[in-house]
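**Student:**
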Amino acid sequence: MWQKAICYVFLTLAGVVVFFPIYYAIATSFFTPAESLSYPPTLFPSKITLVSYEEALRRAPVFRFILNSFIVSASVMFGQLITASLAAYSFSFLEYKGRQVLFYIVLSTMMVPWEVTIISNYLTIKALNWTDTYLGLSVPFMASAFGIFLLRQGFMTIPRELKDAAEIDGCSDLRFFTTIVLPLSRPMMATLAVYTFLNTYNQYLWPLLVTNVDRMRTVQIGLAMLQWDESVAWNSTMAGVVMVLVPTAILMLFGHKQLVSGLTSGALKG
Amino acid sequence: MQGFLYLVPAIVVFVAFVFYPLANSIKLSLYQTDLFGKGQVFVGVQQYKDIFASGDFGRSLKITFLYALYTVIPGIVISLLLALMANWRLAGIRVYRMIFSSPIVVAVASASIIWAMIFSPAQGMLRYILSLFGRPPVNWLADPKWALLSVSMVAVWRGLGFNTILLLSGIQSVSEELYESAKLDGAGPWTMFWKMTLPMISPVLMFLLVVSTINALQSFGEINILTQGGPAGSTKVVVYSIYREAFFNYNFGFAAAEAMVLFLIVLILTIIQFGLMERQVFYQ
Chain F
1 MWQKAICYVF LTLAGVVVFF PIYYAIATSF FTPAESLSYP PTLFPSKITL VSYEEALRRA
61 PVFRFILNSF IVSASVMFGQ LITASLAAYS FSFLEYKGRQ VLFYIVLSTM MVPWEVTIIS
121 NYLTIKALNW TDTYLGLSVP FMASAFGIFL LRQGFMTIPR ELKDAAEIDG CSDLRFFTTI
181 VLPLSRPMMA TLAVYTFLNT YNQYLWPLLV TNVDRMRTVQ IGLAMLQWDE SVAWNSTMAG
241 VVMVLVPTAI LMLFGHKQLV SGLTSGALKG
Chain G
1 MQGFLYLVPA IVVFVAFVFY PLANSIKLSL YQTDLFGKGQ VFVGVQQYKD IFASGDFGRS
61 LKITFLYALY TVIPGIVISL LLALMANWRL AGIRVYRMIF SSPIVVAVAS ASIIWAMIFS
121 PAQGMLRYIL SLFGRPPVNW LADPKWALLS VSMVAVWRGL GFNTILLLSG IQSVSEELYE
181 SAKLDGAGPW TMFWKMTLPM ISPVLMFLLV VSTINALQSF GEINILTQGG PAGSTKVVVY
241 SIYREAFFNY NFGFAAAEAM VLFLIVLILT IIQFGLMERQ VFYQ
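Going down the list, the sequences are from chains F and G.
Heads up, the first sequence is in our numbering, so the first residue is 1 and it goes up one at a time.
Heads up, the second sequence is in our numbering, so the first residue is 1 and it goes up one at a time.
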């Protein structure tokens, strides 16, 4: 009995420390400007008001940023689902010369870190006149070795006999892919979707480089417009942070399982 | 032929945005470039010599490694503790698991801004906590002694979610029977941790060690938002230096050379990681 109680005490202490920054951001977003500048700091808002949210929306088009991020994240998500599922199908169900070599070439892209490609990609996007466009924000990320690898692992669990039977029935590859493989791989696809969406939504450096106008900024860059400085009270800045956080928090609540399996597939299945 | 057709969409993206830029970066690093990033004069390895001769790059490398040291080990140790606690069999443990993994939803800019508030020298929460212990306030982000550590704190906190999720699933994959039989043999919790849990999750730990190190070496967001490489260059990590050289000084060739050096370091780490995975496959 006592042992259990001590366990809960430890868990709660750790939970309070880990969760504190998030809690404090939410609490601050409900503070009045005076409360957010008071010292010693306040922990609980005296009353729930949306004044800071109105102020944040006056200072920066937060909804526009969220919309931009949604468009970009959804494009990258669908782009990756398409490129990765097609490539994974090729690597798991089709046989041809050089398949193994091509697979290794795809995997090798994982080894190229972004700081090597980013300068060149920036110059490419500029040359294409894609700065300040959704294309420039999303197209470079429309394929990933991780996605291909993840879906290939999933496709390999589909029995070969299904494919053989389909062939005997004269079912084309494209039909087999769209009517059998894709529906059977829904959990893996969901994992890739959640993982990609979250990663893109949280991108920082790339959107910083390829957007210059406010109306094309994505959330992480847009937040900088609510930039703190000593003259500005924290409450409206935190209101912006919370608004940007809500979509990912919802995604986390409903896609927790998919996210975890996406994150762990890299580490555990190797 | 058909097999290749299915690959075309992915390959097109890889060629345009991974292989071509990789080749182009190598080229840029060997040429002196103009403002538009066009290679002008072939200078061979001169820019590589320059970056090492300037001393700034050496300093950036040192800061980067220090940053990795401050973030990787503390991050993994704290997450391991959290994951072990999250594995306790108690009612409502799911809620704690959610809470422990919650930092994963906070992206780099949001996390940095939240922590800027906590660090605030005038009325920040950290100043208040220190004052409770009778300590004088610290100028977290503006003091060269503290800036790198402060930025590291943000990075450690932000990584807790990812690390805890991974470690917890590693711990959960250790079979229950193993623990039961160890208990019957009279093993205490301490022995079980050192002799069973730790060896069993060592592949996950290794993976985390390498991945966190690679991430730490490439860190950018926190630094750009919180310190801009300052104060007095004390947080000018390599990627930040690349960013300044390329996008402020338009010195693309110089920046590309710096990026290639970092690439080589990351590549070595990646190869080590693949080597370790190979070993892991062996004894499973």
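Idealized CB from N, CA, C, for every residue including glycine.
Taking beta-carbon pairs under 7 Å, can you tell me which members of the stretch 244-268 of chain F lie near chain G?
**Tutor:** Here the close residues are 244, 245, 248, 249, 252, 260, 263, 264, 267, 268.
**Student:** Determine the burial state of residue 17 of chain G: buried for a count of at least 16 other Cβ atoms within 10 Å of its Cβ, exposed for fewer.
**Tutor:** Counting Cβ neighbours within 10 Å, residue 17 of chain G comes out buried, since at least 16 surround it.
**Student:** Determine whether the Cβ of residue 283 of chain G lies closer than 7 Å to any Cβ atom of chain F.
**Tutor:** Its pLDDT being 42, under 50, residue 283 of chain G is placed unreliably by the model, and the measurement read from it follows with that caveat. Closer than 7 Å: no.
**Student:** Who are the neighbours of residue 136 of chain G on chain F, taking C-beta pairs under 7 Å?
**Tutor:** Neighbours of residue 136 of chain G on chain F: none; closest Cβ ~15 Å, over 7 Å.
**Student:** Rounded to a whole number of angstroms, what is the C-alpha to C-alpha distance between residue 270 of chain F and residue 154 of chain F?
**Tutor:** In this prediction, residue 270 of chain F scores a pLDDT of 38, lower than 50, which makes its location untrustworthy; the coordinate-derived value is nonetheless stated afterwards. Whole-angstrom Cα-Cα distance: 14 Å.
**Student:** Of all the options G:1, G:45, G:79, which has the alpha carbon lying nearest to the alpha carbon of residue 14 of chain F?
**Tutor:** Measuring from the Cα of residue 14 of chain F, the nearest candidate turns out to be G:79.
**Student:** Just checking: is the beta-carbon of residue 111 of chain F within a distance shorter than 7 Å of some beta-carbon in chain G?
**Tutor:** By this cut-off, residue 111 of chain F is an interface position.
**Student:** Would a check of beta-carbon distances place residue 218 of chain G closer than 7 Å to chain F?
**Tutor:** It does; some Cβ of chain F falls within 7 Å.
**Student:** The alpha helix (DSSP H) spanning residue 172 of chain G covers which residue range?
**Tutor:** Taken as a continuous stretch (DSSP letters only), the alpha helix (DSSP H) holding residue 172 of chain G covers 147-172.
**Student:** Does DSSP put residue 40 of chain G in a helix, a strand or coil?
**Tutor:** It is a strand residue.
**Student:** Check whether the Cβ of residue 269 of chain G lies closer than 7 Å to any Cβ atom in chain F.
**Tutor:** Output row for residue 269 of chain G: interface = no.
**Student:** For chain G, is any of its Cβ atoms less than 7 Å away from the one on residue 22 of chain F?
**Tutor:** Answer yes: the Cβ-Cβ gap between residue 22 of chain F and chain G drops below 7 Å somewhere.
**Student:** Taking the beta strand (DSSP E) that residue 33 of chain G falls in, what are its first and last residues?
**Tutor:** Looking at the DSSP string, the run of the beta strand (DSSP E) that includes residue 33 of chain G is 31-33.
**Student:** Is it buried or exposed for residue 217 of chain F, if we count other Cβ within 10 angstroms and need 16 for buried?
**Tutor:** When all chains shown are included, residue 217 of chain F counts as buried.
**Student:** Cα-Cα, which of G:24, G:227, G:266 is closest to residue 213 of chain G?
**Tutor:** With distances taken between Cα atoms, residue 213 of chain G lies closest to G:266.
**Student:** Taking only beta carbons into account, state which residues of the stretch 64-94 of chain G come closer than 7 Å to chain F, listed in chain order.
**Tutor:** Cβ contacts with chain F: 82, 85, 88, 90.
**Student:** When you compare only the Cα positions, how much space is there between residue 128 of chain G and residue 118 of chain G?
**Tutor:** Taking the straight line joining both Cα atoms gives about 10 Å.
**Student:** Check whether the stretch 229-244 of chain G and the stretch 157-173 of chain G are in contact - that is, three or more C-beta pairs closer than 8 Å.
**Tutor:** No, the stretch 229-244 of chain G is not in contact with the stretch 157-173 of chain G.
**Student:** What residues in its chain sit with their C-beta under 6 Å from that of residue 52 of chain F, if we drop five residues either side in the sequence?
**Tutor:** Once the five neighbours on either side are set aside, the close Cβ partners of residue 52 of chain F are 29, 235, 236, 239.
**Student:** Alpha helix (DSSP H) containing residue 221 of chain G: first to last residue?
**Tutor:** Element bounds for residue 221 of chain G: 221-226.
**Student:** Taking 8 Å as the limit between beta carbons, can you name the residues of its chain near residue 248 of chain F, skipping five residues before and five after?
**Tutor:** Once the five neighbours on either side are set aside, the close Cβ partners of residue 248 of chain F are 198, 201, 202.
**Student:** By DSSP, does residue 203 of chain F sit in helix, in strand, or in coil?
**Tutor:** If DSSP states are grouped into helix, strand and coil, residue 203 of chain F belongs with coil.
**Student:** Residue 8 of chain F to residue 23 of chain F, Cα distance in whole Å?
**Tutor:** Looking at the two C-alpha atoms, the distance is approximately 20 Å.
**Student:** If we ignore side chains and look at the alpha-carbon of each, how far apart do residue 28 of chain G and residue 133 of chain F end up?
**Tutor:** Answer to the nearest angstrom: the Cα atoms are 26 Å apart.
**Student:** Is residue 199 of chain G close to chain F, meaning its C-beta is less than 7 Å from at least one C-beta of that chain?
**Tutor:** It does not: the Cβ of residue 199 of chain G has no partner Cβ on chain F nearer than 7 Å.
**Student:** Compute the distance between the beta-carbons of residue 217 of chain G and residue 64 of chain G, then report whether it is under 7 Å.
**Tutor:** In this structure, residue 64 of chain G lies closer than 7 Å to residue 217 of chain G by Cβ.
**Student:** In three-state terms, what does DSSP make of residue 173 of chain F?
**Tutor:** If DSSP states are grouped into helix, strand and coil, residue 173 of chain F belongs with the helices.
**Student:** When you compare only the Cα positions, how much space is there between residue 98 of chain G and residue 115 of chain G?
**Tutor:** Looking at the two C-alpha atoms, the distance is approximately 21 Å.
**Student:** Below 8 Å on the Cβ atoms is my contact criterion, and I expect residue 88 of chain F with residue 148 of chain F to pass it. Report the Cβ-Cβ distance as a whole number of Å.
**Tutor:** 5 Å between Cβ atoms; contact.
**Student:** Using the three-state DSSP reduction, which class does residue 185 of chain G fall into: helix, strand or coil?
**Tutor:** In this structure, residue 185 of chain G counts as coil in the three-state DSSP scheme.
**Student:** Are the Cβ atoms of residue 257 of chain G and residue 47 of chain G separated by less than 7 Å?
**Tutor:** A contact, by the Cβ cut-off of 7 Å.
**Student:** Can you pull the chain G residues whose beta carbon is under 7 Å from the beta carbon of residue 133 of chain F, in chain order?
**Tutor:** The contacting residues do not exist; residue 133 of chain F stays about 15 Å from chain G at best.
**Student:** Do you know how far the Cα of residue 104 of chain F is from the Cα of residue 273 of chain G?
**Tutor:** Taking the straight line joining both Cα atoms gives about 16 Å.
**Student:** My parser needs the alpha helix (DSSP H) runs of 4 or more residues fully inside the stretch 41-76 of chain G; what are they?
**Tutor:** Here the runs fully enclosed are 46-54.
**Student:** With residue 300 of chain G and residue 233 of chain G assumed to form a contact (beta carbons below 8 Å), what rounded beta-carbon distance in angstroms separates them?
**Tutor:** Nothing in the structure corresponds to residue 300 of chain G, since chain G is present only between 1 and 284.
**Student:** Could you confirm whether any beta carbon from chain G is found closer than 7 Å to the beta carbon of residue 55 of chain F?
**Tutor:** False, the Cβ-Cβ gap to chain G never drops below 7 Å.
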